[in-house]
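J.: Read in order, the letters of the sequence shown correspond to residues 2 to 134 in the numbering used here.
Using N, Cα and C, we set each Cβ at its ideal position, and we do this for glycine too.
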Amino acid sequence: MGKPLRTTSGAAGAKGISLVVENGVARYPDSPTPRGVKQLKSLTRKASAGHRAVLLFLVQRNDARSFEVSASRDPAYYQAFEAAIAAGVEVIVLGVSVHPEGFGKPKILPYNTKVDDVIELYDTSLIRLEKNT
Numbered sequence: 002m003g004k005p006l007r008t009t010s011g012a013a014g015a016k017g018i019s020l021v022v023e024n025g026v027a028r029y030p031d032s033p034t035p036r037g038v039k040q041l042k043s044l045t046r047k048a049s050a051g052h053r054a055v056l057l058f059l060v061q062r063n064d065a066r067s068f069e070v071s072a073s074r075d076p077a078y079y080q081a082f083e084a085a086i087a088a089g090v091e092v093i094v095l096g097v098s099v100h101p102e103g104f105g106k107p108k109i110l111p112y113n114t115k116v117d118d119v120i121e122l123y124d125t126s127l128i129r130l131e132k133n134t
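Have a look at this one:
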């Protein structure tokens, strides 16, 4: 995860998150990430040019109830994130539990909003991992 995926009409980026702090708040980043800032600036340029730009945060913890960007851990990333939102970059935050058998039911997690907005995505109890043979 990291590099924006380039398409003819837009770009997408993804970040994996495993840090959950008090009250079920998942945070990113957990340390300074110059590469992450660069990715956000790339997505911001795409959005500013009128193209679709999407950033996915995948929270791999079952105790996450919401998400926020950590201004204290990386102020530059926080500022770039705010600029990306202002430019029209779409943000999707998904939370999943991870098990030896696969991933749990994905949930859309709110960011910088109330934790009551968690949305269940699927009725399946577990999404199984398939091995490539």
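Tell me, which residues are paired with E69 by DSSP?
T.: Paired residues: R28.
J.: Is the region 33–49 close to the region 71–87, with three or more CB pairs under 8 Å?
T.: As far as the Cβ criterion goes, the region 33–49 touches the region 71–87, which means the pair count is three or higher.
J.: Check each candidate in E23, V70, N24 and L44 and name the one with the smallest Cα separation from G17.
T.: Closest by alpha carbon: V70.
J.: Could you tell me if G14 is buried or exposed, where buried requires 16 or more neighbouring beta carbons within 10 angstroms of its beta carbon?
T.: Buried is the call here.
J.: Confirm, please, whether the CB-CB distance from G103 to A48 is below 7 Å.
T.: Result no, Cβ atoms of A48 and G103 do not sit closer than 7 Å.
J.: Tell me which residue opens and which closes the alpha helix (DSSP H) that R62 is part of.
T.: Segment: none, R62 is in no alpha helix (DSSP H) and carries neither H nor E.
J.: Do L41 and A54 come within 7 Å of each other at the CB atom, strictly closer than that value?
T.: Going by C-beta atoms, A54 is not nearer than 7 Å to L41.
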